[in-house]
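Each remark here refers to the structure printed beneath this line.
In the UniProt record's numbering, the protein residues as written are 1 to 605.
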């Protein structure tokens with residue numbers, strides 16, 4: 001007798017402690033499973049029941065899960081206390097608590113957490129209380145949210161107010177830096193967003209800085225944004241990352257994509273809103289520079305994946321067993337942004353489009369939507385555009401935007417940023433001219449020490465795209481810039497060091513070693529190890545890894561071991577920590593694009 005139904009459970013090893021059935025069925029309380037539970041990666045197990053109706057009580061089994069990260073004290077900055085955080089995006093919170101782990105389902109939640117004295121617990125909730133005598137925290141989220149936005153962090157965390165409705169939380173050794181860099185700024189960004197898109201709905205906007213083991217850069221958990229502490233030294237990247245998470249408060253958190261196949265509804269709209277906010281607060285030139293930097297990265301990823309790659313669609317087909325996080329790439333952000341920007345241009349006035357987005361959020365807040373909801377609302381708000389059939393314009397059909405592979409059908413005019421991008425292009429042309437005019441390049445009047453971070457990063461990215469470069473070019477670049485770049489932030493240093501590695505420039509390898517010895521973050525280690533292992537420097541990579549592996553999170557350690565193992569002969573696989581039993585990685589572990597998916601998708605999940 002075949003099963004009449006399949007119950008899909010999101011945990012790979014669920015327990016069914018009791019069930020009830022019509023008369024004649026198994027006795028209540030006796031688990032009865034037909035066949036064998038087949039584990040599906042990321043999705044859990046399918047259980048077949050031999051009757052047409054069943055009421056099951058699910059008792060999830062304990063154990064490690066991909067959504068919960070436990071850190072020993074030495075993996076934190078202060079090395080004082082253990083640390084734990086959760087990361088639910090995309091489908092990892094099913095290992096944290098029983099839930100309908102889909103963005104289509106939203107609910108409120110309450111939680112009770114007991115913690116040792118001296119350990120601060122925070123959650124993405126609108127209300128919280130603490131009873132010190134019991135060591136018990138109670139949290140409540142009053143607005144419905146999808147499961148992936150439920151988040152918890154606990155550790156040696158101290159607060160500092162940075163505005164009337166914002167504070168930062170960080171380890172004591174990081175708190176002064178975090179406070180000085182964000183004091184007053186977050187309120188400025190929130191106020192700008194409210195002027196554009198309506199009231200902030202979540203009460204407080206707090207930020208917690210996490211240890212370098214945090215697997216992504218930032219996560220827009222309501223009321224409590226998670227950000228990796230490593231980004232604190234890169235001011236402009238910090239600004240963009242926080243503003244992007246602020247934008248998610250409207251696009252992604254209040255109004256959520258109903259399926260993982262349409263993540264651009266969250267990321268594309270949040271990126272557009274982020275750039276409207278930065279235009280208001282930092283000027284059009286800066287916004288255009290940051291956009292040019294990201295679009296450069298988009299085209300770089302396009303070359304890597306190919307124009308026919310199915311993940312370059314805005315509406316990506318999610319095959320069974322595929323982790324939605326593995327579909328996250330720059331198309332989700334930048335092609336989505338370009339489509340939203342195109343819609344804004346159709347109405348002819350950014351302010352009118354802001355008014356539309358405000359109405360869209362007001363209509364759909366605390367619900368989940370599909371692309372058709374957005375597009376129908378757009379044409380309803382602008383009836384004159386509907387009469388003009390703008391959704392069917394040849395070559396720019398809305399359907400083609402959503403389902404065609406390849407680059408965006410149209411890109412924004414970035415001429416307002418030319419004062420910042422023109423010097424980058426000029427210097428790049430000097431250094432890549434054939435033959436190289438070393439005197440002209442070295443004596444260039446362009447002083448990159450005065451450049452903005454995104455200018456320097458854009459220049460280095462273009463050199464990286466052109467690698468391998470002629471050795472005399474790399475030698476001259478090193479002579480002119482290596483000492484200066486070595487004093488800059490990690491976002492700049494890693495780009496220069498990737499140029500060093502991809503060009504096998506041995507005189508600067510000591511800088512690569514020093515950088516890897518000081519980094520514990522995925523975003524600043526994986527790209528370098530990947531480059532080292534695709535060239536002639538694998539033995540150097542092995543040597544550095546053996547010296548530093550004890551300070552790396554087990555997940556990161558295992559990922560680097562996998563990189564080092566590729567291409568090694570039998571019996572030469574890296575050892576020492578190979579038997580880690582930690583759960584798999586969340587994002588970028590097997591994502592297409594290798595280092596690009598880690599280095600360039602430098603925003604939220």
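Glycine residues also receive a C-beta, built at the ideal position from the N, C-alpha and C atoms.
- Under the three-pair Cβ rule at 8 Å, the stretch 347 to 358 does not count as touching the stretch 281 to 298.
- Counting along the chain, residue 431 sits inside no beta strand (DSSP E); it lies in the alpha helix (DSSP H) bounded by residues 418 to 432.
- Around the C-beta of residue 215, 16 or more other C-beta atoms lie within 10 Å, and the residue is accordingly described as buried.
- Of all alpha-carbon atoms in 153, 149 and 193, the one lying nearest the alpha-carbon of residue 222 is that of 149.
- Residue 206 carries a strand assignment under DSSP once its states are collapsed to helix, strand and coil.
- Restricting attention to alpha helix (DSSP H) runs no shorter than 4 residues, the stretch 261 to 341 encloses them at 264 to 282 and 284 to 305, ordered along the chain.
- Put simply, of 453, 486 and 532 the residue whose alpha carbon is nearest the alpha carbon of residue 236 is 453.
- Proximity to residue 113 across 133, 106 and 138 peaks at 138, based on C-alpha coordinates.
- In the three-state reduction of the DSSP assignment, residue 158 falls in the strand class, which pools E and B.
- At the C-beta level, residue 464 and residue 502 come within 8 Å of one another.
- Excluding sequence positions up to five before and after residue 251, its CB lies within less than 7 Å of the CB of 266, 269, 270 and 273, all in the same chain and listed in chain order.
- Checking the DSSP bridge columns, you'll see residue 227 partnered with 209 and 218.
- At a Cβ-Cβ threshold of 8 Å, residue 539 and residue 325 do not count as neighbours.
- Taking a contact as a CB-CB distance under 8 Å, the pair residue 412 and residue 333 does not count as one, their CB atoms being some 14 Å apart.
- If you look at residue 439, you'll find it in the alpha helix (DSSP H) that goes 438 to 442.
- When rounded, the separation of the alpha-carbon atoms in residue 300 and residue 522 is 20 Å.
- Under the rule that a run must span 4 or more residues, the alpha helix (DSSP H) segments found entirely inside the stretch 490 to 518 read 490 to 502 and 509 to 518.
- Secondary structure of residue 89 (DSSP, three-state): coil.
- Following the DSSP letters along the chain, one finds residue 129 inside the beta strand (DSSP E) bounded by residues 127 to 131.
- By the criterion of at least three beta-carbon pairs nearer than 8 Å, the stretch 429 to 446 is not in contact with the stretch 304 to 321.
- Straight-line spacing of the CA atoms in residue 238 and residue 226 works out to 12 Å.
- In the DSSP assignment, the residues bridged to residue 68 are 86.
- Note that the C-beta distance between residue 377 and residue 106 is not below 8 Å.
- Straight through space, the alpha carbons of residue 395 and residue 385 are spaced by roughly 17 Å.
- In the structure shown, the three-state DSSP call for residue 385 is helix.
- The secondary-structure analysis by DSSP pairs residue 138 across a beta bridge with 112 and 129.
- Per DSSP, reduced to three states, the secondary structure at residue 98 is coil, with no helix or strand assignment.
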